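All residue numbers for the sequence shown refer to the numbering used here, where the first residue is 6 and numbers rise by one. For each residue, glycine too, the CB sits at the ideal point set by N, CA and C. All of these numbers come straight from a predicted model, not from anything done at the bench.
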Amino acid sequence: MSSPRFIHLRVHTEHSLLEGAVPVQKLIGLCVAQSMPAVAITDTNNMFAALEFSTYAASAGVQPIIGCQVSLAHDPAGPGERPRAAAPIVLLAQSEAGYLNLMKLNTCLYIGKAGQLPQLTVAELAAHARGLICLTGGPDGPLGRFLQAGQRPKAQALLEKLAAIYPGRLYIELQRHPGAGEQLPEAERASERGLVEMAYAMGLPLVATNDVYFPKAAMYEAHDALLCIAEGAYVDQQGPRRRLTPQHYFKTEAEMATLFADLPEALENSVEIARRCAFKVAKRDPILPKFADDEVEELRRQAGEGLAARLAIIPHAVPVAEYEARLAFELGIIEKMKFPGYFLIVADFIKWAKGQGIPVGPGRGSGAGSLVAYALTITDLDPLRYKLLFERFLNPERVSMPDFDIDFCMDRRQEVIEYVQQKYGRDKVGQIITFGALLSKAAIRDVGRVLQMPYGQVDRLSKMIPVEGVKPVSITKALADEPRLREAAKEEVVARLLDYGQQIEGLLRNASTHAAGVVIGDRPLDELVPLYQDPRSDMPATQFNMKWVEAAGLVKFDFLGLKTLTVIQNALELLAQRGIDIDISLIPLDDAKTYELYASARTVAVFQVESSGMMDALRRMKPTCIEDIVALVALYRPGPMENIPTYCEVKNGLRQIESIHPTIDHILAETQGIIVYQEQVMEIGQVMAGYSLGGADLLRRAMGKKIAAEMAKERPKFIEGAAKTHGVSKEKAGEVFDLLEKFANYGFNKSHAAAYAVVSYQTAWLKANHPVEFMAGVMNCDIHLTDKLAVYKREVDKLGIRTVAPCVNASLASFSVRDGAVVYALGALKNVGVEAMKLITEARGAKPFASLFDLARRVDLKRIGKRPLEMLARAGAFDVLDSNRARVFDALDALGSYSAAIHEARNSNQVSLFGEAGADLPEPRLPFRDDWLPVERLSQEHQAIGFYLSGHPLDDYMGPLKRKQVMTLHELHLRATENSPLIAKIAGSVASRQEKKSAKGNRFAFVSLSDPTGLYEVTVFSDTLEAARGFLEPGMNVVLTVKAELEGETLKLLANAVQPIDQVAAEAGGASLRIHLNRAEAAASVAALFARVENSRSRGQIILCIPDQTGREIDLTLPADYPVTPQIKGAIKAMPGVVLVEEV
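Laid out in structure tokens, this is it:
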């Protein structure tokens, strides 16, 4: 094979985010196809792909050259001058030392430079120059820019500095990207002559590069759209924006030889540089900080003492000797695999967290199968009690790092990470980068925007892309499957959009940090990996993602935030305030009330079992033990869930358990004869075919991943083992193997299912035994999510728990408990902020506010803000001080000014004749005005709370509606059945209407409504929608004729007709009213009201109940009948002196 004439040294992979469009594997494929023996990657200001590229390129027989295009602050601004744009140069690693320095420089681009664009100084280059080759950046580099600006002296000065920093390792870089007529762009023409002259004058070598951004010239237009996406520009805009040429593709050796035929030395030097950079990044073994001098002995000591402590307080699942034997076995494996330090590090930060009162989950993932982890309190699940397998976590026959996923309380997870930083050093601890890709739907939206297509059209096209699982399918697949998209593509601009979208979809779009991953090194991280700084995080992140950071030698620890742990902690703290101290890890697992709650599916807010499908499964299963919950957690997933009916029927004696083979039936007894867990696959392999558990784990993995070559080896091994161990026939063993193969793909990790089942049980136990504290704890976790609070408030009502409305004298900033009731949180109101509400509750202390003026004196209302004060007034939080909400609302400006004057006087240390500063300031006169009517009062309350708390707009309609056979949502839910639609009438207050178009172009709507018993959604098809759209605006009250049907526990409603509620109420006719008054003088006002109202079809008798001097009520019946409507009832309720209005 002849020597190459050219090697690409300037390639931007897709890791040059929204700039490069060459995926790593695509780049390697291009090199192989063109027989190019080496290639460099030079992503812009990052090494994101360095280890991935090096590994895959070497395995494909291509020499990887690790480089980076870095931005150099080549022309620093003087005092008072605006910062000048940095210019790119290229650095290539020619050795291990160069690679380490390149990582250091990449770290310098980001760390300690918050709020700045990534760039390096000449001094930083000089500090980390060893082992690096420097290319000067071509026409757009610092030398090229100086020359184009007519500043040759500056170019010469910088070149001399670079030559001193990189002696014998500096190359003058030339680029040629000819346009139409083979003419070079002006920038390249203007700079090339000067660059060549300077190179010859200083005796520096030239090198030719092609600045590659996309694989083929045909991708130029799509790549141009990608650059516009990055800049927020438009493809056709006339103003300045970044533009490349069609020549920035991966050219062949022959094309480059033709392009630089007049400068063969520049081509030859690209090959020479490749020879000088014959260095490959090596993968490292796992690196951890040393925890103790003798980690083996320390682990044995801690594990032994920990197990003894566990067994002293917890009932034994098996004899102590079995625990001791299992512990010794696990310790032997851990020591053999050299992981004692890992276990000690994890145990240390978990013990610290528990010591600080930070809730930690009982376990997650396969780690719950380790007795050593249980002894060290890493987990709180006894693996022998739950029959969990250590080999599923750590397999001695497959060397890989253990991986504990740890759940922490979401509010305090960061404290644990900070502890780790302090213990091991901030420079040795970091987060892990993760990359987001440009998926098909997003690609269509982004390309549509840069093509300036109408938003509605782009939105419709994006919605035509089907979603499989959680990801949209590719544009190519969508075009094959979706006829509407193919039809739309006949329009030229849509065809262009889809063409560009197909070319850029799948490319990396952005970098962020992994939600949970943290790495801990034994040395500063930038000696092992380059670092990146996510602007949204204070903690540095590795530039390699989760897969490649481990190849670099770092070990990942997952610090996950689990909201449910915070819920549990909230509930326990509320209980502790009542003197009830509970260790949630020690609650009994056989509590009858808890299983009754599960069996009746009263599981709103119960971990893992909140969905309607889970509730349906619980009703059918009727769980009686924790193993049932473990199985349900494992079964309730696509695929396995088809076995839920069988499990339930066998459990409840409606069906016989099916035997697979006598040798293994006992393994499946706890799951009613169904293979549910991965561990069961392993145990069957061990028991029936004589596998070791480690070997059975390898079998499980091969089956689960459908590795054909492995399966071909394992099938005869399994059949032979079954025959040898138990004399099982070849046919039967083959059947069992096929069964295992089917379920291995669906089987769930039992350790994870058991751990999460325990957390589910803990929440169910709290709800069953301490519902008030539990629901308050739940609501505190979602204090800012109005939709969820509405669901929880309905659940509180169903549980018969009283809710205390928001009140400045009773509420805290968060939800609290008092006298068996949930006290609504001030901080849960819209647009108030928990911290602002704490100013009120802290000023109140143990002394309730006596009046609005007292509150204004004790709380600086300016710090609260007018908007939060309005929300408090709307919600009725000031009712205890003045029940006229309208007056309070109108007085807020005056109260704010009064409060400001008092606090300004205090802050200026003014002394009052009456003592405290500001005490002699007169209280403002509150405006006189009528209170809001009940309907308006509820509307204002809804604005502040997000749902109706003290009543409902339909409350006054319920009497006449009942006379017209209109059901409540609760009644309809009780009467509806599956497979037998019920036609009924239901009233509702409209919350929202969302209209859509069907595939045939017909409009339909999903309308959200509520009545006094709950929230519901109705589907309204086109004919009904056209007739009733005017009645279905938010805030309107209607009566709907619906077809109601149950699907599981979900009530499906289809509207056939819609009527205004007042029309239905009028048709119902009037009813007599009994009006209870607290003073006789009020009777005249009420009678006068009836004298003023307009006539109505709804008429009835009016009875006034007036107290006499002894307190007894005297009935006074007004002469004749009077109009009686829901609106009149509401108006009467708001009148002074009216205590109660009831229909008779």
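Check for me: the beta strand (DSSP E) holding residue i runs from which residue to which?
{"i": "Phe1162", "result": "Any property of residue 1162 remains undetermined from this structure, which presents the chain solely from 6 to 1149."}
{"i": "Phe1011", "result": "1008-1016"}
{"i": "Ala45", "result": "43-49"}
{"i": "Glu1000", "result": "987-1002"}
{"i": "Val240", "result": "It is not in any beta strand (DSSP E) - Val240 carries neither H nor E in the DSSP assignment."}
{"i": "Phe413", "result": "410-414"}
Nearest-angstrom Cα distance between residue i and residue j?
{"i": "Tyr641", "j": "Leu137", "result": "55 angstroms"}
{"i": "Ala91", "j": "Pro545", "result": "23 angstroms"}
{"i": "Leu23", "j": "Gly474", "result": "26 angstroms"}
{"i": "Leu209", "j": "Ala55", "result": "28 angstroms"}
{"i": "Glu302", "j": "Val560", "result": "22 angstroms"}
{"i": "Gly805", "j": "Thr608", "result": "15 angstroms"}
{"i": "Phe753", "j": "Ile592", "result": "26 angstroms"}
{"i": "Gln462", "j": "Val1025", "result": "24 angstroms"}
{"i": "Gly526", "j": "Val404", "result": "20 angstroms"}
{"i": "Asp586", "j": "Leu577", "result": "7 angstroms"}
{"i": "Thr1018", "j": "Leu874", "result": "30 angstroms"}
{"i": "Asn106", "j": "Ile649", "result": "58 angstroms"}
{"i": "Leu637", "j": "Tyr652", "result": "9 angstroms"}
{"i": "Thr384", "j": "Ser605", "result": "30 angstroms"}
{"i": "Thr518", "j": "Met551", "result": "10 angstroms"}
{"i": "Gly511", "j": "Lys221", "result": "17 angstroms"}
Which residue comes first and which comes last in the alpha helix (DSSP H) that contains residue i?
{"i": "Gln1068", "result": "1066-1073"}
{"i": "Leu466", "result": "460-468"}
{"i": "His978", "result": "974-980"}
{"i": "Tyr61", "result": "55-64"}
{"i": "Pro965", "result": "963-968"}
{"i": "Val37", "result": "29-38"}
{"i": "Cys113", "result": "101-115"}
Return the chain-ordered list of same chain residues with a C-beta closer than 6 angstroms to the C-beta of residue i, the five sequence neighbours on each side being excluded.
{"i": "Arg331", "result": "Leu376"}
{"i": "Gly901", "result": "Leu866"}
{"i": "Gly25", "result": "His17, Thr18, Glu19, Tyr218"}
{"i": "Arg807", "result": "Ala826"}
{"i": "Gln124", "result": "Ser76, Ala78, Ala91"}
{"i": "Gly709", "result": "Ala749, Asn750"}
{"i": "Gly695", "result": "Gly726, Thr730"}
{"i": "Leu704", "result": "Gly690, Glu719"}
Do residue j and residue i count as a contact pair if the criterion is CB distance below 7 angstroms?
{"i": "Ile665", "j": "Met693", "result": "no"}
{"i": "Tyr962", "j": "Ile1066", "result": "yes"}
{"i": "Arg15", "j": "Leu272", "result": "no"}
{"i": "Gly881", "j": "Ala810", "result": "yes"}
{"i": "Ile116", "j": "Leu536", "result": "yes"}
{"i": "Lys835", "j": "Ala949", "result": "yes"}
{"i": "Gly832", "j": "Ser821", "result": "no"}
{"i": "Met716", "j": "Asp702", "result": "no"}
Excluding five sequence neighbours on each side, which residues of the same chain lie with their C-beta closer than 7 angstroms to the C-beta of residue i?
{"i": "Ile363", "result": "Phe413, Cys414, Arg417, Glu420, Val421"}
{"i": "Arg1104", "result": "Gly1075, Asp1126, Tyr1127, Pro1128, Val1129"}
{"i": "Ala996", "result": "Ser1013, Leu1014, Ser1015, Pro1039"}
{"i": "Gln999", "result": "Ala1010, Phe1011"}
Under 6 angstroms: does the beta carbon of residue i sit that close to some heavy atom of the ligand ZN?
{"i": "Met406", "result": "As for the ligand ZN, it is missing from this structure, which has no ligand bound."}
Return the chain-ordered list of same chain residues with a C-beta closer than 8 angstroms to the C-beta of residue i, the five sequence neighbours on each side being excluded.
{"i": "Val635", "result": "Tyr391, Lys755, Ala758, Ala759, Ala762"}
{"i": "Asn984", "result": "Glu1050"}
{"i": "Glu601", "result": "Ala773"}
{"i": "Pro488", "result": "none"}
Q. Where are the alpha helix (DSSP H) runs, 4 residues long or more, that stay fully inside the region 641-691, in chain order?
A. 649-656
**Q.** Segments of 4+ residues assigned as alpha helix (DSSP H) that fall wholly inside the region 348-395
**A.** 376-380
Q: Please go through the region 142-206 and give each complete beta strand (DSSP E) segment of 3 or more residues, from N-terminal end onward.
A: 175-180
(Q) To test your reading of the DSSP string, which unbroken alpha helix (DSSP H) runs of 4 or more residues are found completely within the region 809-883? (A) 839-849, 857-863, 866-869, 871-880
Q | Ranges of the alpha helix (DSSP H) found wholly within the region 1101-1143, counting only runs of at least 4 | A | 1131-1138
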